[in-house]
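Count along the sequence shown from 1, add 54, and you get the number used in my numbering. From the three backbone atoms N, C-alpha and C, an ideal C-beta is built for every residue, glycine too. Predicted, not measured: the structure shown is a model, and the values here were computed from it. What follows is a short report on a single structure.
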Amino acid sequence: MSTAEASRPRVRRRKRPPRDTEATMSLIAHLRELRNRIAVALLFVLIGTAIAFWWYDHGLGQFIRAPYCSIPADNRLESGVSGEDCTLLVTDVFGGALIRLKIAFIAGVVLSAPFWLWQIWAFLTPGLKTNEKRYGVTFVAAASLLFAGGSALAYISLKAGLTLLLGLAGENVTIALTAQDYIGFVISILLAFGVSFELPLVAVALNLVGVLSYAALAKARRWIYFLTIVFAAFITPTQDPFTMLLMALPMCVLFEVAIQIARIVDKRRARRDGTAGFAGLSDDEASPLDARPSALDTGSSALDTGPSPLDDPRGR
55 MSTAEASRPR VRRRKRPPRD TEATMSLIAH LRELRNRIAV ALLFVLIGTA
105 IAFWWYDHGL GQFIRAPYCS IPADNRLESG VSGEDCTLLV TDVFGGALIR
155 LKIAFIAGVV LSAPFWLWQI WAFLTPGLKT NEKRYGVTFV AAASLLFAGG
205 SALAYISLKA GLTLLLGLAG ENVTIALTAQ DYIGFVISIL LAFGVSFELP
255 LVAVALNLVG VLSYAALAKA RRWIYFLTIV FAAFITPTQD PFTMLLMALP
305 MCVLFEVAIQ IARIVDKRRA RRDGTAGFAG LSDDEASPLD ARPSALDTGS
355 SALDTGPSPL DDPRGR
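What follows is the structure in structure tokens.
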């Protein structure tokens with residue numbers, strides 16, 4: 055080894071991080087993993103359904119009937135059994151079993167949600183970047199909280215909605231609801247409120263990916279509020295003004311929160327683009343490039359001043 059080569063600093067090669075085996079799986083392996091994840095998720099749902107089926111006689115059924123049983127006794131059918139003054143009718147042989155299975159399945163899906171959601175997340179995680187994982191966790195948590203909040207608000211409003219609707223029948227009228235109709239009504243209103251509360255989160259997601267700007271949201275604020283009220287009037291199963299306003303007002307508040315989040319995000323994006331020199335550029339305009347040579351290009355090195363191996367030592 056020559057003296058020049060010995061004096062050169064050794065460049066240590068950075069070790070490559072270990073390859074993720076899940077990121078290099080074949081298509082068949084991915085399909086096999088997806089099948090296993092789905093099987094495990096269905097197993098958790100089955101366990102949750104079994105627990106909810108047992109829970110039905112130990113508080114779950116009473117929890118679902120509570121809004122109906124809390125309305126005035128003049129507007130519902132009395133059971134005639136001592137200690138029981140609230141009755142839902144079953145009009146066919148398999149009606150009771152099907153209602154119990156339906157409630158147990160829905161409650162089982164909710165109870166086992168953390169476990170089957172984890173299976174979905176574990177399948178998607180290897181293909182995501184670090185920031186995508188962070189955004190994914192944030193949005194899943196926010197969506198879960200919004201859906202739970204909307205469903206809880208719907209359950210609270212059930213008593214007032216049922217009292218208003220059943221009271222419109224007038225005096226000397228006894229209303230006997232079937233279990234199928236009542237359970238279907240409760241499920242539909244819970245889902246309507248839960249899904250509706252997710253819409254402001256969609257606006258935030260579109261803003262984060264650059265599709266929807268704060269300026270567009272702020273300009274359409276009045277239309278957003280108007281369409282929210284119209285949407286609430288159509289989607290509420292009861293069609294009464296109380297339930298419609300109970301859904302529309304929180305949605306308007308959530309949309310306003312989404313607009314303010316978009317304002318903060320756009321300010322940060324504009325500040326970042328201004329620092330990088332990209333502010334004021336349109337979508338079809340090329341970004342400015344610095345064509346000036348860097349310090350590495352203008353400085354001289356030992357390779358430039360020393361003889362080249364290709365140079366002729368005889369000067370030719």
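- Listed as beta-bridge partners of residue 232 by DSSP are 143.
- When 280, 316 and 144 are compared, the shortest CA-CA separation from residue 264 is found for 316.
- The C-alpha of residue 106 is placed about 26 Å away from the C-alpha of residue 89.
- Contact annotation, residue 257 with residue 309: C-beta distance approximately 7 Å; criterion of less than 8 Å satisfied.
- Within its own chain, the residues whose Cβ lies closer than 7 Å to the Cβ of residue 101, once the five positions on either side in sequence are excluded, are 166, listed in chain order.
- Each residue's CA atom was taken as its position, placing residue 296 and residue 214 some 8 Å apart.
- When C-beta atoms of the stretch 239 to 258 are compared with those of the stretch 201 to 210, three or more pairs fall below 8 Å, so the two segments count as touching.
- Residue 140 and residue 157 have their C-alpha atoms spaced approximately 19 Å apart.
- The beta carbon of residue 80 sits closer than 6 Å to none of the beta carbons in its chain outside the five residues before and after it.
- By the criterion of a C-beta distance shorter than 7 Å, residue 301 is surrounded in its chain by 247, 250, 286 and 290, once the five residues flanking it on both sides are discounted.
- With fewer than 16 neighbouring CB atoms inside 10 Å of its own CB, residue 120 falls in the exposed class.
- When 179, 98, 103 and 146 are compared, the shortest CA-CA separation from residue 232 is found for 146.
- The shortest CA-to-CA distance from residue 150 to any of 164, 234 and 282 is the one to 234.
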